[in-house]
Amino acid sequence: MPEPIMMDSDMSDDDIPLVSRVASYVEVSDDDDDDDLVLAKRTTTATKRKAISVKTEVNGSPPTKKRASTTVKKEKTTTASKAKKASTATVNGKAKKEVTSKTNGRVKKETGSTASGKTKKEPGAGSKSATIKKEEEEEGTPAIDDEDQDETFRWWEAQNAEDGSDKWNTLEHNGVMFPPPYEPLPSHVRMKYDGKRVELDPVAEEVAGFFGAMLNTDHAKNPTFTANFFNDFVEIVNSSGGAKVNNKKIELKSFEKCDFTEIFEYYDQQRQLKKAIPSSEKKRLKAEKDRMEEKYKTCLLDGRKQPVGNFRIEPPGLFRGRGAHPKTGKLKARVQPEQVTINIGAEAKVPEPPAGHQWAEVRHDKTVSWLAMWRENINGAFKYVFLAQSSSLKGMSDFKKFEKARELKNHVERIRADYRRELKDEVMLNRQRATAMYLIDVLALRAGGEKGEDEADTVGCCSLRYEHVTLQPPNIVTFDFLGKDSIRYFQEVVVDKQVFKNLKIFKRAPKTIGDDIFDRLDPPLLNKHLQNYMPGLTAKVFRTYNASYTMQKQLDLIENKGSVNEKVVAFNAANREVAILCNHQRTVAKSHEASVGKMEDRILELKYSIIKTKKMMLQLDPSLKKKEKAYFEDIDSISKEDVIKIHQKILEREKDRIEKKFIRENEKLKAEGEEIMPEGELKKRLEAIDIMEKEFAAELKSGKPDIKGNATVEKLKVQVEKLEERITNTQLQLKDKEDNSTVALGTSKMNYIDPRLTVMFSKKFNVPIEKLFTKTLREKFAWAIHSADADWKF
1 MPEPIMMDSD MSDDDIPLVS RVASYVEVSD DDDDDDLVLA KRTTTATKRK
51 AISVKTEVNG SPPTKKRAST TVKKEKTTTA SKAKKASTAT VNGKAKKEVT
101 SKTNGRVKKE TGSTASGKTK KEPGAGSKSA TIKKEEEEEG TPAIDDEDQD
151 ETFRWWEAQN AEDGSDKWNT LEHNGVMFPP PYEPLPSHVR MKYDGKRVEL
201 DPVAEEVAGF FGAMLNTDHA KNPTFTANFF NDFVEIVNSS GGAKVNNKKI
251 ELKSFEKCDF TEIFEYYDQQ RQLKKAIPSS EKKRLKAEKD RMEEKYKTCL
301 LDGRKQPVGN FRIEPPGLFR GRGAHPKTGK LKARVQPEQV TINIGAEAKV
351 PEPPAGHQWA EVRHDKTVSW LAMWRENING AFKYVFLAQS SSLKGMSDFK
401 KFEKARELKN HVERIRADYR RELKDEVMLN RQRATAMYLI DVLALRAGGE
451 KGEDEADTVG CCSLRYEHVT LQPPNIVTFD FLGKDSIRYF QEVVVDKQVF
501 KNLKIFKRAP KTIGDDIFDR LDPPLLNKHL QNYMPGLTAK VFRTYNASYT
551 MQKQLDLIEN KGSVNEKVVA FNAANREVAI LCNHQRTVAK SHEASVGKME
601 DRILELKYSI IKTKKMMLQL DPSLKKKEKA YFEDIDSISK EDVIKIHQKI
651 LEREKDRIEK KFIRENEKLK AEGEEIMPEG ELKKRLEAID IMEKEFAAEL
701 KSGKPDIKGN ATVEKLKVQV EKLEERITNT QLQLKDKEDN STVALGTSKM
751 NYIDPRLTVM FSKKFNVPIE KLFTKTLREK FAWAIHSADA DWKF
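This is the structure we're talking about:
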């Protein structure tokens, strides 16, 4: 990456904000709410900052914010207190609500928050839910009236639905599913230390197993991963009775002396045995698993059956993290019921915790949509059990998100005019804010936020540092940083000349590597300013707006012609433009090359089939070669060597098909208690391969394929047309696969592109929605499928 361009010595003072030209000493109190006040009140950079002093140098340099000196206060609060913080200001003039909760049997009151996203209430749901609950009181499982559930609840068509702050009126569910307890290793499998077999308590042995099971992965070769693992492992060993060799305690001091080979080999053997399980047994095990999970999969929300998302408590293991995460390898501890808070209706039966345990807390908070939550031990973050993506609550949330983005259309021109004007503002904060808004709007950057030293070093617009931005006159900027999920953002872009000048100012000495570009700005301050234009407007709404707007423009360019597959490829190309805008990248799959190779082989086979079919035509009517010279000009386009390879692949594939079918049929017979077929039957079936091989050999020698059945020239021509169509479709699929090998289309399709655009394309271009949305997305966006038509516009 080239060295950053320093400011020109002759830069005009007109380009430097007033606050940087005039030495000043400004005290800012934390109760200054108005971003549009005079200079003294525009330099605050956080909504909850203590009174600070901002001192600028006489040379006009803006104050520097060092990354190393930045401290992030992590508040150890409950989810309820987070909710309080989110609702410090009333929403639409509505006051806070009180929610009750029970802690170990005691009832207490605590302040909840009114949700900013309001959901529609369904009329008459409360009494129905109460009736259902009464019927099921003995079993403790929400009962579903099948007659009432025959049709999916179309909440988007509800005429009397209110947009209230409560997420639900009644809620019943069966809690969460815990992972199975640890099964100790067999006595002959042990970890070794300094060449000696070590006895461990099952608690410590489980942790050793986590590492042993992944001994052949890149993680086990990562020094940070192994160091973090070993530190946590030693701590667990010491707290669980220590490690013993021949009943004598030993101290584990060196990771290099640890040998997990036996554990790896044992788990690898278990993996192989699992793969070898007959399909009939796999079906039985799956049916048993489904039966155990059934009661957790749905809940009753306002008397209606709704699917629950991930109802499973995360199993213990070793934390991976994304990118170069500093905590990779640390132990994800087993979650106990005493750490789990349940949220459920006040009148509903509280699900029973596992025997001998109790819940951390039971709440009845209607203002939140989660069913259960707990705090994980790695980053101290809360984990939640929500309703599934296809639920009405999630659907309402998606609908509101995209409607908010559509509403931005009415304000975006005014916002752009304002930030373009403020690119030359005399107040440094305003100029930084305008520059950030330009980057967020034009480049679809995420707003970003500060990170602690124990978190992955990922940044967004507001947290860009000196080293992330390289300037090349007259107005080219190179951005190079790790964004969300440690995905690299590397773009060289041409920007507005004033934006370029501003970035030069923001990088001016004494700033250096590690210093923030936008040292006066943070996401809360930016979002607070945006909400002056439109309620609920945040930087993220811009990202959704620009993604959907871009998709609309790309779809407008597509002509309504060609096959369905051609239209799908065109749609994916439009989707790809949005994914590139949003920097939705992915690494090339390990199987990509092999998959592409198979498709290329398939195309060659189809071409060979066309040549073979045309040769049959000439056998039936040799005069065609002169009459239709152009039609038969490709008849010798595949070499003899390639034909031999094609024959071999066909034979291998057919043999594999026959063998697998034989195994499946025998498994079915065994499951039904019938006598399985002998190996002789398989040999008999494989005789067909020998016949094919002889036919191929004869064809190769004579150059004349065998004509079967009542073939005619007309029928063979129809066959050629079908083969050519298959080649075209396979080539389209291959191009699509290659074009999108490093771009993740699904992220933008699921989260940023208004699904009604996809539905519009489906209906307008007569493309089955199944070609554009997976089953999961069809369920998630049912509201869009039923509400958008062929003329819908974002």
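Counting from 1, one number per residue, gives the positions in the sequence shown under UniProt numbering.
The beta-carbon is built from N, C-alpha and C at its ideal position, and this holds for glycine as well.
Since we're looking at a predicted model, the values are computed, not measured.
Proximity below 8 Å, CB of residue i to CB of residue j
i                 : j                 : result
lysine 409        : glycine 536       : no
proline 523       : alanine 539       : yes
isoleucine 236    : leucine 331       : yes
glutamine 358     : glutamate 376     : no
glutamate 695     : aspartate 706     : yes
serine 390        : glutamate 738     : no
tyrosine 466      : methionine 437    : no
tryptophan 792    : methionine 760    : yes
alanine 784       : lysine 763        : no
serine 392        : lysine 167        : no
phenylalanine 747 : histidine 584     : Before going on, a small fix: residue 747 reads as threonine here, not phenylalanine. Yes, the Cβ-Cβ distance between threonine 747 and histidine 584 is below 8 Å.
phenylalanine 229 : glycine 321       : no
aspartate 441     : phenylalanine 506 : no
valine 469        : isoleucine 517    : yes
leucine 482       : threonine 512     : no
leucine 471       : cysteine 461      : no
methionine 551    : isoleucine 691    : no
Contact belief for residue i with residue j at Cβ below 8 Å, rounded distance in angstroms
i             : j              : result
alanine 324   : serine 486     : 7 Å
lysine 257    : aspartate 194  : 5 Å
tyrosine 384  : methionine 396 : Their Cβ separation, rounded to whole angstroms, is 17 Å, which puts tyrosine 384 and methionine 396 out of contact at 8 Å.
proline 316   : glycine 175    : In fact, because the Cβ distance is near 19 Å, the residues do not count as touching under 8 Å.
glycine 212   : isoleucine 263 : 3 Å
leucine 423   : arginine 520   : Incorrect: roughly 15 Å between the Cβ atoms, too far for contact.
alanine 744   : arginine 508   : Wrong, their Cβ atoms sit about 37 Å apart, outside the cutoff.
threonine 613 : leucine 723    : 7 Å
Buried/exposed call for residue i, threshold 16 Cβ in 10 Å
i                 : result
alanine 276       : exposed
threonine 774     : exposed
alanine 676       : Note that residue 676 is isoleucine in the sequence shown, not alanine. Counting Cβ neighbours within 10 Å, isoleucine 676 comes out exposed, since fewer than 16 surround it.
residue 795       : Lying before the first or after the last residue shown, residue 795 is absent from the chain, which here runs from 1 to 794.
proline 353       : buried
valine 99         : Because valine 99 carries a pLDDT of 43, less than 50, the predicted location of this residue cannot be relied on, and the following value inherits that uncertainty. The residue is buried, with at least 16 neighbouring Cβ atoms inside 10 Å.
phenylalanine 490 : exposed
arginine 312      : exposed
histidine 188     : exposed
asparagine 560    : exposed
serine 563        : exposed
aspartate 634     : exposed
isoleucine 663    : exposed
serine 29         : Only weak support exists for where serine 29 lies, its pLDDT of 35 falling under 50; the value from the coordinates is given anyway. Exposed, since its Cβ has fewer than 16 Cβ neighbours within 10 Å.
valine 493        : exposed
isoleucine 644    : exposed
proline 755       : buried
glutamine 531     : exposed
alanine 547       : buried
glutamate 413     : exposed
asparagine 398    : With the sequence shown as reference, residue 398 is identified as aspartate, and asparagine is not the correct amino acid for it. With 16 or more other Cβ atoms within 10 Å, it is buried.
histidine 786     : exposed
asparagine 216    : exposed
glutamine 272     : exposed
glycine 345       : buried
glycine 209       : buried
threonine 261     : exposed
Cβ-heavy atom distance, residue i to the ligand HEM, below 7 Å
i          : result
lysine 221 : Annotation note on the ligand HEM: not contained in the displayed structure, which lists no ligands.
*Three or more beta-carbon pairs under 8 Å between the stretch 682 to 691 and the stretch 564 to 576, yes or no?*
At 8 Å Cβ cutoff, the stretches do not touch.
*Okay, do the stretch 606 to 624 and the stretch 572 to 581 touch, 3+ Cβ pairs below 8 Å being the bar?*
By the Cβ criterion, the stretch 606 to 624 is not in contact with the stretch 572 to 581, since fewer than three pairs of Cβ atoms, one from each stretch, lie closer than 8 Å.
*asked:* I want to know whether the stretch 647 to 658 touches the stretch 264 to 272 - three or more CB-CB distances under 8 Å.
replied: They do not touch, by the three-pair rule.
_Complete runs of the alpha helix (DSSP H) confined to the stretch 276 to 326 [at least 4 residues]_ = As far as the stretch 276 to 326 is concerned, its whole alpha helix (DSSP H) runs of at least 4 residues are 279 to 293.
*What are the start and end residues of each continuous beta strand (DSSP E) run of 3 or more residues lying completely inside the stretch 160 to 199, in chain order?*
You should have 162 to 164, 191 to 193, 196 to 198.
*What runs of the alpha helix (DSSP H), each 4 residues or longer, lie entirely inside the stretch 572 to 644?*
Taking only runs of at least 4 residues, the alpha helix (DSSP H) segments lying wholly in the stretch 572 to 644 are 592 to 620, 624 to 627.
*asked:* To test your reading of the DSSP string, which unbroken alpha helix (DSSP H) runs of 4 or more residues are found completely within the stretch 328 to 399?
replied: Within the stretch 328 to 399, no complete alpha helix (DSSP H) run reaches 4 residues.
*Ordered list of beta strand (DSSP E) runs contained in the stretch 650 to 709, each at least 3 residues*: Correct list: empty.
*Flag this pair as touching only if the stretch 283 to 292 and the stretch 179 to 188 have three or more C-beta atom pairs under 8 Å; answer yes or no.*
A contact between stretches requires three or more CB pairs, one per stretch, nearer than 8 Å, and the stretch 283 to 292 fails this requirement with the stretch 179 to 188.
_Within the stretch 480 to 546, ranges of the alpha helix (DSSP H) (whole runs, at least 4 residues)_ = Unbroken alpha helix (DSSP H) runs of no fewer than 4 residues, entirely contained in the stretch 480 to 546, are found at 497 to 506, 523 to 530, following chain order.
_Quick test of the definition: if touching needs 3 or more C-beta pairs under 8 Å, does the stretch 197 to 207 touch the stretch 359 to 366?_
No, because fewer than three Cβ pairs between the stretch 197 to 207 and the stretch 359 to 366 fall closer than 8 Å, the two stretches do not touch.
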